[in-house]
Amino acid sequence: MEQRLIDNWYLPETVKPALLFKRLTRKFGLVHEPEVRRQITYCDSFDWRIFANGYLLTCIGTAWRLHDLHTGEVIIQESGPTVNKGCFAKAFQSGELRQLLTDLLEMRCVSPVASGVVTVQECRLVNKDEKTVVRLFLEQHQMADAGDPRWAVRLEPVRGYLRELAAVRSVLKKYDPVSRPLACLDLEQGSASLGRTPGDYSSKFILHLDPDQTACSAVGVIYKQLLEAMNVNIPGILADLDSEFLHDFRVAVRRTRSGLSLIKEVLPPAVVEKYKEDFAYLGQVTGPTRDLDVYLLYEDEYKARLPESLQGGLHSFFENLAALRIREQRTLVRELKGARVKGILSSWATYFDSGDEQTAKFADVPVIDIAKKIIYRRYKRVLKDGLAINEQTPDQEIHRLRIQGKKLRYAIEFFGSLFSEQDVATAIKRLKKLQNYLGDFNDLSVQQDVLRNHLQGVRPGSRKNLELGAALGALMSNLHREQVKARGDFASIFGKFSSAHNIALFEKLFTCKKESR
Amino acid sequence: MSILAVYNIKGGVGKTATSVNLAHLSACQGAKTLLCDLDPQGSASYYFRIRSPKKYNTKKLLKGGQHIEKNIRGTDYLGLDLLPADFSYRNIDIALDELKKSTLRLKSVLRPLLGEYDRIILDCPPNLTLLSENIFCAADKILVPIIPTTLSLLSLKQLFKFMEKIGQKRTKALVMFSMVEKRKKMHMELMEAMRERKGVLQEPIPFLVDVERMGLYRQPVTAALPNSRASQAYKALWQEVCQHLG
Ligand SMILES: Nc1ncnc2c1ncn2[C@@H]1O[C@H](COP(=O)(O)OP(=O)(O)OP(=O)(O)O)[C@@H](O)[C@H]1O
Ligand SMILES: [Mg+2]
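In the order they appear, the protein sequences are chains X and V.
First residue of the first sequence: 36, per the numbering used here; consecutive thereafter.
First residue of the second sequence: 28, per the numbering used here; consecutive thereafter.
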């Protein structure tokens, strides 16, 4: 619901400020303070985390302000870095703002999403003693490349001078009240000129399918949306703003690959084969940089796992990774700008736009029918594989289960909008618990492998390498201990997932009972 | 959160000049500050161009709560409000005398205001009266401006004796030097001698025309001439006072 902001009005284009001032001189003396002109930049992460949490982040020079999105009020004001194409929470001095940004942004950075010039002129209205009785602020907001400026008037009362305030209000009441903070409008107008809308991107995969839609048109919707996610993330990957662009790109690639292998005989087999190969290629060229990103993101956690005396040894390890990453990133950029990647993405787009003469067996069946079949099959597989795991089963099987879990998750996400929203949310929540466990378990072994590999390349001799060796060894044993403990938890975690209660939910949702449709 | 009274038995020693400027500096620091003009002459209110509200009087002050809050006025400076004086304050002793627990009344009406204000500064009238006793009870610290002369020392002694009599600790008082004239040998000698004593602040306020002229431009000197010698002296003094306010 839109609330009205108190004492804020738009000044219509037809009313020149001079006219308003002249009107006010009938009742008050006017003292004009010097005009203040500021270049203002609005910042947010690519996925609008600041905005989504009900804030606005602005920056004037090195003065940063966090505003309430709905009232425009300044909540925190601190100095910080000069605005840049990408600023991480780490670039701020420790303080309230940095803490809040750390929590909101995690691994993401903020970038400019709108910019413009705000001019504020304060005018003090004084009585016959030349005492200030009301403060009036005339603001002009001009966003870059965004048409005409917006003029607004704001009053700030002075305690105890209510009659005077009422008199000014009565002069202004014929203008339109400002219903939302100007800062909020600035953000919308300014980001529109960059082709964006606040909240227009989220890494969440939200689809709306219609049960009666044909399978073929439904997969078109799915793949096109995934392709869109790949395309919008490319500029951020090329600019190397933060690691999430690449991550989201890869997730979209993985979902696409999963779709191609899970959803059978809806697209012609030749098409499926070609793009399976193409998207495997995209996964492959983006892999090395992502792996390094993941290890680099572990830096703080690794330090926390080690006693202080060993932490120094990790320094060269991370330096080394960072250097490797620079090289891999360069290769990645070359690939993404190269003909093969461009060709894959553009031909995939044209495939859906141009329509195919060839068709496949299930292309025209209602999507709901294939959806149930696919999800239920994935579900059975997870259940079967999971139940086969006992204490003696090698870890490898747990990793396989993780892959199966992921496939199930993707399948549910593709078609979730066809089923009861509440039930699907519950099913995903339960599956997520299992997936989180499997993901963590996998992480622990992958990390140990990486450290082991690195350790093999360390030559003994120097003091530095000795310290590095000690740190890596300690980390490995720490990770190993945690993994052993996690292995012991499997039975109880999977037990919950395969409870009668849960089985009933999945059966109810996804089995094809004859009478159900 | 504290209440600071600016008080002296003697008149014309710079109480109002001090409280007006220190209140302004306090607000500049970001502390929400209320200056209470307790002198029926209303000089502090005058400096801020604020008139006593029509329906405001001693009775309202002593009732407190809403009756005070409604009459507080915003000054021209952000974070600084003022409770104006009223001419009826001249009979405040009689009004106080009629009340039960008459020495604690001011304290009981001012303390609740510390919910809204970080700091309250009282500009007090001269004389030793029931109001003075109220002020001593209400304030956390009493800033006593003295002009360094032998007569001032005498009144200071009187003040301490009075405080003792009403059961107030001497340590509540902070003595400061006001309207100090360098060319007067006696000022300098007395000041040097006094400085050694406990509860005596080191930063003096010299006698300066810019302070005297505050009556003309009707603003704190720290606002009108922020870089003047006078402002610098008040800033140094305020810093020292803050250390004692904790
Ligand atoms: N540091 C100073 N230098 C020059 N003149 C000053 C100084 N401080 C105060 N004065 C002037 O001396 C006069 C008395 O000062 P002020 O009103 O502050 O004293 P007071 O103690 O509040 O007086 P009262 O007892 O009448 O309330 C005023 O005209 C004031 O402008
Ligand atoms: Mg006075």
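We put the CB at the ideal spot given by N, CA and C, even for glycine.
In this text, all values refer to a predicted model and were calculated from it rather than measured experimentally.
Alpha-carbon spacing of residue i relative to residue j, whole angstroms
{"i": "glutamate 37(X)", "j": "isoleucine 148(V)", "result": "For glutamate 37(X), the predicted model reports a pLDDT of 45, less than 50, meaning its position is unreliable; a value from the coordinates is still stated below. Approximately 42 Å between the Cα atoms of the pair."}
{"i": "lysine 441(X)", "j": "histidine 434(X)", "result": "11 Å"}
{"i": "tyrosine 411(X)", "j": "leucine 418(X)", "result": "10 Å"}
{"i": "glycine 373(X)", "j": "threonine 291(X)", "result": "21 Å"}
{"i": "aspartate 275(X)", "j": "isoleucine 269(X)", "result": "10 Å"}
{"i": "tyrosine 45(X)", "j": "leucine 220(X)", "result": "12 Å"}
{"i": "serine 228(X)", "j": "leucine 222(X)", "result": "10 Å"}
{"i": "leucine 141(V)", "j": "threonine 102(V)", "result": "18 Å"}
{"i": "valine 202(V)", "j": "valine 171(V)", "result": "5 Å"}
{"i": "leucine 490(X)", "j": "glutamate 354(X)", "result": "15 Å"}
{"i": "alanine 358(X)", "j": "proline 495(X)", "result": "21 Å"}
{"i": "methionine 142(X)", "j": "leucine 55(X)", "result": "49 Å"}
{"i": "glutamate 113(X)", "j": "threonine 106(X)", "result": "19 Å"}
{"i": "aspartate 120(V)", "j": "glycine 57(V)", "result": "35 Å"}
{"i": "arginine 198(X)", "j": "alanine 218(X)", "result": "30 Å"}
{"i": "arginine 231(X)", "j": "valine 519(X)", "result": "47 Å"}
{"i": "valine 207(V)", "j": "leucine 252(V)", "result": "20 Å"}
{"i": "tyrosine 83(V)", "j": "aspartate 113(V)", "result": "7 Å"}
{"i": "serine 238(X)", "j": "leucine 262(X)", "result": "13 Å"}
{"i": "arginine 159(X)", "j": "alanine 201(X)", "result": "15 Å"}
Listed by chain order, chain V residues near residue i by CB distance under 7 Å
{"i": "threonine 167(X)", "result": "Asp103"}
Cβ neighbours of residue i in the same chain (closer than 7 Å, five flanking residues each side left out)
{"i": "arginine 72(X)", "result": "Val152, Thr154"}
{"i": "glutamine 260(X)", "result": "Leu242"}
{"i": "arginine 325(X)", "result": "Leu281, His282, Arg285"}
{"i": "glutamate 502(X)", "result": "Gly347, Gly348"}
{"i": "leucine 139(X)", "result": "Arg84, Ile85, Asn88"}
{"i": "glutamate 370(X)", "result": "Val320, Val376"}
{"i": "aspartate 211(X)", "result": "Trp44, Tyr45"}
{"i": "leucine 273(X)", "result": "Val368, Leu371"}
{"i": "isoleucine 409(X)", "result": "Leu297, Ile298, Ala446"}
{"i": "asparagine 118(V)", "result": "Thr85"}
{"i": "tyrosine 196(X)", "result": "Val168, Val169"}
Option in the options with minimal Cα separation from residue i
{"i": "serine 452(X)", "options": "Leu540(X), Asp235(X), Ile257(X)", "result": "Ile257(X)"}
{"i": "alanine 53(X)", "options": "His67(X), Lys543(X), Leu200(X)", "result": "His67(X)"}
{"i": "serine 205(X)", "options": "Arg159(X), Leu59(X), Val161(X), Ile110(X)", "result": "Leu59(X)"}
{"i": "glutamate 300(X)", "options": "His489(X), Gly107(X), Ile405(X), Asn425(X)", "result": "Ile405(X)"}
{"i": "glutamine 93(V)", "options": "Pro139(V), Leu217(V), Tyr244(V)", "result": "Pro139(V)"}
{"i": "lysine 42(V)", "options": "Phe189(V), Asn118(V), Glu239(V), Met213(V)", "result": "Glu239(V)"}
{"i": "asparagine 471(X)", "options": "Asn119(X), Gln248(X), Asp335(X), Asp524(X)", "result": "Asp524(X)"}
{"i": "alanine 260(V)", "options": "Glu219(V), Thr45(V), Asn35(V)", "result": "Thr45(V)"}
{"i": "leucine 62(V)", "options": "Glu96(V), Lys90(V), Gly38(V), Ile36(V)", "result": "Glu96(V)"}
Residue i: CB within 7 Å of a non-hydrogen atom of ligand 3
{"i": "serine 79(V)", "result": "Of the ligands one can find in the structure shown, namely ligand 1 and ligand 2, none is ligand 3."}
Span of the alpha helix (DSSP H), counted from its first residue to its last, around residue i
{"i": "valine 48(V)", "result": "For the record, residue 48(V) in the displayed sequence is asparagine; it is not valine. Per DSSP, asparagine 48(V) belongs to the alpha helix (DSSP H) from 42-55."}
{"i": "histidine 214(V)", "result": "212-222"}
{"i": "alanine 313(V)", "result": "Nothing in the structure corresponds to residue 313(V), since chain V is present only between 28 and 273."}
{"i": "glutamine 260(X)", "result": "250-274"}
{"i": "glycine 474(X)", "result": "456-492"}
{"i": "methionine 511(X)", "result": "498-532"}
{"i": "aspartate 237(V)", "result": "236-239"}
Residues of its chain near residue i, where Cβ-Cβ distance is below 6 Å and the 5 sequence neighbours each way are ignored
{"i": "isoleucine 85(X)", "result": "Asp79, Leu92"}
{"i": "glutamate 550(X)", "result": "The predicted position of glutamate 550(X) is uncertain, since its pLDDT is 42 and thus under 50; no value can be drawn from it."}
{"i": "glycine 318(X)", "result": "Val288"}
{"i": "arginine 552(X)", "result": "Legend: pLDDT at arginine 552(X) = 40, less than 50; position of this residue unreliable, value from coordinates given subsequently. So the list is empty, once near-sequence residues are dropped."}
{"i": "proline 80(V)", "result": "Asn98"}
Cβ-based neighbour list, residue i, same chain, cut-off 8 Å, excluding 5 preceding and 5 following
{"i": "serine 150(X)", "result": "Gln74, Ile75, Thr76, Tyr77, Met178, Ala179, Gly225"}
{"i": "arginine 360(X)", "result": "Thr324, Leu327, Asp328, Leu331"}
{"i": "glutamine 229(V)", "result": "Arg222, Glu267"}
{"i": "arginine 465(X)", "result": "Lys531, Phe532, Asn537, Leu540"}
{"i": "asparagine 266(X)", "result": "Leu380"}
Cross-chain neighbours of residue i in chain V, by beta carbon under 9 Å
{"i": "aspartate 164(X)", "result": "Arg76, Ile77, Arg78, Arg245"}
{"i": "valine 193(X)", "result": "Arg100, Gly101, Thr102, Asp103"}
Partner residues on chain X for residue i, Cβ-Cβ distance less than 7 Å
{"i": "aspartate 150(V)", "result": "Within 7 Å Cβ-Cβ: nothing; aspartate 150(V) doesn't reach chain X, min ~18 Å."}
{"i": "aspartate 108(V)", "result": "Arg194"}
Boundaries (first-last residue) of the beta strand (DSSP E) holding residue i
{"i": "arginine 194(X)", "result": "Element bounds for arginine 194(X): n/a, residue is neither H nor E."}
{"i": "proline 116(X)", "result": "Counting along the chain, proline 116(X) falls outside any beta strand (DSSP E), and DSSP gives it neither H nor E."}
{"i": "arginine 146(V)", "result": "146-150"}
{"i": "lysine 168(V)", "result": "168-173"}
{"i": "alanine 98(X)", "result": "98-103"}
{"i": "cysteine 63(V)", "result": "60-64"}
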